[in-house]
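Heads up, the thing below is written out as C-alpha cells.
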Amino acid sequence: MRFFADFIEQGDNLSISSRAAADQRTDEVDREQAHVSMLYQRLDAMRDHAAKRLARALRETGGTPQARSQRDTATAMYREQVAQFDAVENGLCFGRLDFDDDRTAHVGRIGIFDETHGHRPLLVDWRSDAARPFYLATAAAPHGVARRRHIRTSGRTVVHLDDEVLDLTAADPAGSTGLAGEATLFAALGAGRTGRMRDIVETIQAEQDQIIRSDVAGLLVVQGGPGTGKTAVALHRVAYLLYTHRRELSTRAVLVVGPNATFLNYISQVLPSLAETGVLLCTPGDLFPGVTARRDEPAEVAEIKGRPVMVDVLAAAVADRQRLPDEPVEINVEQDTLLLDPAAIAAARTRARRSGKLHNLARPMFDTEIIHALAAQLAAKIGADPLGGDNLLDEADIAEIRRELRREPEVLAVLDWLWPILTPQQLVAGLFASAARLAAAAPQLTAAERDLLRREPRGGWSPADVPLLDEAAELLGEDATVEAVLAERERQRQIEYAEGALEIAMGSRSIDVEDEAEPELLAATDLIDADRLADRHGYGEQLTAAQRAAVDRRWAFGHIVVDEAQELSPMAWRLLMRRAPNRSMTVVGDVAQTGDLGGTSSWAQVFEPYVADRWRLAELQVNYRTPAEIMSVAGRLLADIDPTLTPPRSVRETGVPPWATRTVPAELPARLVDAVSREAAAVADGRLGVIVPAARLAELGRAVATAVPDATAGDRSDLVDRVVVLTVRQAKGLEFDSVIVVEPAEIAAESPRGDSDLYVALTRATRRLGIVHGGELPAALADLADRPT
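Residues 1 to 789, numbered by the numbering used here, are exactly what the sequence shown covers, in order.
The following block contains the structure:
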C-alpha cells in the first residue's frame, strides 16, 4: 500500500511541476506578447507619420524646378516608407537574444527605436551586426548568448516560443545536428507550401549567414545542390546589401534575374517581406527594353544563338548592310539623271568606317561624302560654261545644290539602301530572314546550322534572341539626337493632354462669368498653363531607380543577382556583364542541374573572359528542402551525371519513401489523374507539382486540369493553385510538398543533358515523391519499380 501511496504522491508532484512549468510558459508568452504589441503600436505610429508626410508632399505646389525636384524626392521617400511598413506586418518580431551580461535584444525585420530614451533599440534589424549572434551562436561558440528564443506569431499574436539554452555542458554532441533554431527550422520546413517562396529570416543558418553578409565588391558564386537554399540566400543577401549600402544601391538599383516568369512570381514576396521594394526582377527574356521574349524555339537553335561566335556574325551582318554595288546607281533628280559610281560609294564607305564611329552614328559622314559627289556631278552639268570656261557656279551655289539634294526623296532612298539606319530588331530579324545574309555573315557556321537559324520575321522573339539584340545595339550605336527628338515628342504629347484637360475644366463650368456679379472669378487657366501642368504631372522624375533601369538599356546596376545561372549562354553573360561594369554580382546555381545546351559545366570557363580568376566561390552543402528518402534516389542519378559530384546532405527524414506506379501507355493519362487525386489528398492544403516531358505537356496538362479541381498547366500557371503541371524548365527553382514525375525516361531522352533535367525534377519535393510511367525506368530509378504508392 505504501508503494502506491508513494507513487501517487510522486504523480501529484509531477503534476504540480508540470502545471508550474505551464504557468511559467504562459507568463513568458504574456511578456513577449506585451513587447510585440508595443512594437506594433510603434509600427502603426511610424506608418501613420509617413502616410501624413506623403499626403502633405503630394499637396505641395512648388513651381520652380528645384521645388518640384524636392517634392518628388520626398514623395518617393515617404511612399517607399509606407510600403516597407506594410510589408513587415507579418512576423515583425521573431526572436530574442539573452546575453551572459543580462542584456536582451529582440530581433526582427526592421529596426525600431525609442526616440524618447536616447534612441534605445526596441527591435534590432536582422541585418545589423547586433543581430548576427542570433544566426551564429552555438553551444560551442555562444558569442556571449545565454539563450536564443524564436518567437512565432500569427498576425499580431504570439502563439509559440522555442528556447535554446547555449550551455556547452548541457549540449548533447552525439545528438546535435549543428543547426541553429532546430525546432523552428523543422517547423518551417515541414509546413505546407503556399505557392510563394517564404523568407528564411527566422531560420538562417551559419553557412548561409556567411554568404548573405559577404562583401558587396566583386563576383560571388554561390554553388549548391537542390534544397540548399541558394535562392533564398541570394535574396536575403540583396536585402542585406541594400541595408549596408543603401545610398549607392538605391541610386543605381539592384537587378535580380530569374529563369522564367513563373519563378519570378514565386519569389516575388520575399524581398517585400524583408522591407525591400525597389528591386528590379527580370527574366533573361526581359533584358532588352521594349522586348518581351517568350517565343519557344528548339534547344539546338538557342544553343547556336548563345555561342560567342555570334559576336562576329553580327558584326559581319552590320558590315554586309553597308552595300557596295557592282554597277553605277542611277538617281533621277528633277530633269537630270545622275550616276553614282561604285568607286565613289567605296570611298564614302571607307571614310565612314575609318571614322571609328558605330554604324548608325557613321551614317551622317557617309551621307556627306555621297552628297558631295552627287553635287559635284550636278554642278558640272548645270553650271558648265557654254564657251568652255570655268564652271559658272560659285561655292554658295554648290552648297545650295547640296541642301536640295538632301531633300530629294530619290537621293534619300538611295542613301537608305546603301547605308540604312537600323534598329537592333531590324538587323537581327533581317539576318535570320535571309539565307543569303546568313551565308555572308556566318561562313563559320555549317549550312545545317544556318538553316536552323533561318526563320521568317514574325512570331515574336525568343529569350536567346535578347543577347543578340543587345549586341546589335552595341554595334549599331544609339543616336542621342534621336532620343532627344523622342523625348520632345513625349513632352509635346503631355502638353497637348494638359491643354485638353484645361479645356475640359473650362467647359465644365456651370456658370457664365460674364453674367455674374463677380466677373473676377478665377479659372484654372488663370492659375496654371498647359506647360506647367504637364511638368507638374510628368512621370519621369517620380520613377524609382529600378523603374528607370527597366527602360534604359545602358543602365549600370549597383549589384546583379543571377539565379539558375548555370543555364545562361556565353552571349547572355556578355549582356549581363555590360549591365554590371563594376562586376558586383551574386551568381547562384548548380552545374549538376545544367539542362540548356548552351549552359555551363564550369564557372571558371564562364568568368575567365571578364574577371580572370578574380571571383569567389561559396558552397552550400546542407539540403534543407529535400528529405533523405528522396535524396538517396536522386543521388544515384547524380553519380551517373558526374561521379565527382557529391549530393548535399539532407537534414531530415519524412518516413515516406518514394513510390512508382507503372501502366500501359494508352492508360497513362487516366492513371496519372488517379495518382494526382491521391497525392493532392495526401498533402491536404499543400501544393502538388506534376513534372512531365515537354512534348507531352499539352496532353497530360489538359487531362489533369480537366479532371482535378484547382489544377492548372504550363508556364501561365499560378503556383497558388493546389496542383500545377509543368515541364522541367518551368519547374526550375520551385518547390512543392509533393511531386509526381511522369515518364522519367522520356524526360531524360528529350535533351543531351536530359539526366540533369531529371535530377531537377526529382528534387523539387519537400515531403513526397512519386513516379508514373508507361515505359522502362532509367537504371538509377530501377529499384522503384516495385514500390507501390
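Cβ atoms here follow ideal geometry from the backbone N, Cα and C, with glycine treated the same way.
Provide the residue(s) that pair with residue i in DSSP beta bridges, ordered along the chain.
| i | result |
| --- | --- |
| Val676 | Note: Val676 sits in no beta bridge, so no partner. |
| Leu617 | Val221 |
| Leu123 | Ile112 |
| Ile740 | Val690 and Gly770 |
| Met365 | None, per the DSSP bridge assignment. |
| Phe99 | Val145 |
| Leu726 | Ile691 |
| Asp336 | Val333 |
| Asn623 | Ser650 |
| Asp162 | His150 |
| His559 | Val254 |
| Arg662 | His773 |
| Leu280 | Leu255 |
Name the residue from the options whose alpha carbon lies nearest to the alpha carbon of residue i.
| i | options | result |
| --- | --- | --- |
| Pro208 | Ile267, Val257 and Tyr135 | Reading off the sequence shown, one finds Gln at residue 208, where the question assumed Pro. It is Tyr135 whose Cα lies nearest to the Cα of Gln208. |
| Val254 | Ala549, Ile151, Leu161 and Arg96 | Ala549 |
| His359 | Leu697, Ala429, Pro752 and Ala319 | Ala319 |
| Leu271 | Leu249, Gln84, Val724 and Glu369 | Gln84 |
| Leu58 | Asp27, Asp783, Pro133 and Ala76 | Ala76 |
| Arg109 | Glu115, Asp100, His119 and Asp86 | Asp86 |
| Ser751 | Lys381, Thr727, Tyr240 and Pro342 | Thr727 |
| Thr116 | Arg42, Val201 and Val606 | Arg42 |
| Arg196 | Asp44, Ile204, Asp341 and Leu264 | Leu264 |
| Gly144 | His160, Arg687, Thr104 and Ala376 | Thr104 |
| Val633 | Val741, Arg678, Met585 and Arg729 | Val741 |
| Glu567 | Arg579, Val591 and Ala556 | Val591 |
| Glu471 | Leu445, Glu456, Gln81 and Arg554 | Arg554 |
| Gly774 | Glu89, Leu476 and Pro669 | Pro669 |
| Ala803 | Glu474, Thr26 and Ala666 | Outside the modelled stretch of the chain, which goes from 1 to 789, sits residue 803, for which no answer is possible. |
| Ala302 | Leu597, Gly635, Ala779 and Ala694 | Leu597 |
| Gln730 | Arg294, Ala74, Leu220 and Ala682 | Arg294 |
| Ala206 | Asp125, Arg31, Thr228 and Arg198 | Thr228 |
Between residue i and residue j, what straight-line distance do the alpha-carbon atoms span, to the nearest angstrom?
| i | j | result |
| --- | --- | --- |
| Leu873 | Arg716 | This structure cannot settle anything about residue 873, because the visible part of the chain is limited to 1 through 789. |
| Thr594 | Asp757 | 7 Å |
| Gly91 | Asp312 | 53 Å |
| Ala628 | Leu189 | 13 Å |
| Gly111 | Tyr243 | 11 Å |
| Val158 | Gln24 | 15 Å |
| Glu478 | Leu361 | 7 Å |
| Gly95 | Asp718 | 32 Å |
| Val562 | Ala234 | 9 Å |
| Val165 | Ala139 | 8 Å |
| Ile212 | Leu97 | 20 Å |
| Val760 | Ala441 | 38 Å |
| Ala346 | Ile371 | 14 Å |
| Ala680 | Pro658 | 15 Å |
| Leu672 | Asp296 | 26 Å |
| Asp100 | Leu700 | 60 Å |
| Arg68 | Gly258 | 36 Å |
By a C-beta neighbour count over all protein chains shown, 10 Å radius and 16 as the cutoff for buried, is residue i buried or exposed?
| i | result |
| --- | --- |
| His559 | buried |
| Arg614 | exposed |
| Asn260 | buried |
| Leu374 | buried |
| Arg349 | buried |
| Leu185 | buried |
| Pro570 | buried |
| Lys732 | buried |
| Arg127 | buried |
| Asn623 | buried |
| Lys230 | buried |
| Ala435 | exposed |
| Pro268 | As written in the sequence, residue 268 is Ser, which differs from the Pro given in the question. With fewer than 16 other Cβ atoms within 10 Å, it is exposed. |
| Glu653 | exposed |
| Phe3 | Any reading at Phe3 must be qualified, since the residue scores a pLDDT of 41, below 50, and its modelled position is unreliable; no value is offered. |
| Leu781 | buried |
| Arg354 | exposed |
| Glu276 | buried |
With a threshold of 8 Å between beta carbons, is residue i in contact with chain C?
| i | result |
| --- | --- |
| Ala346 | In the structure shown, chain C cannot be found, because there is only a single protein chain. |
The segment 363-379 in contact with the segment 390-406 per 3-pair CB rule at 8 Å: With the cut-off at 8 Å, the segment 363-379 and the segment 390-406 touch.
Can at least three beta-carbon pairs, one atom from the segment 737-754 and one from the segment 765-780, be found at a separation below 8 Å? A contact exists between the segment 737-754 and the segment 765-780.
Cβ pair count under 8 Å reaching 3, the segment 410-418 against the segment 298-308: Flag = no, the segment 410-418 and the segment 298-308 do not touch.
Counting pairs of beta carbons, one from the segment 459-466 and one from the segment 286-293, are three or more of them closer than 8 Å? Taking 8 Å as the limit for Cβ pairs, the verdict is that the segment 286-293 does touch the segment 459-466.
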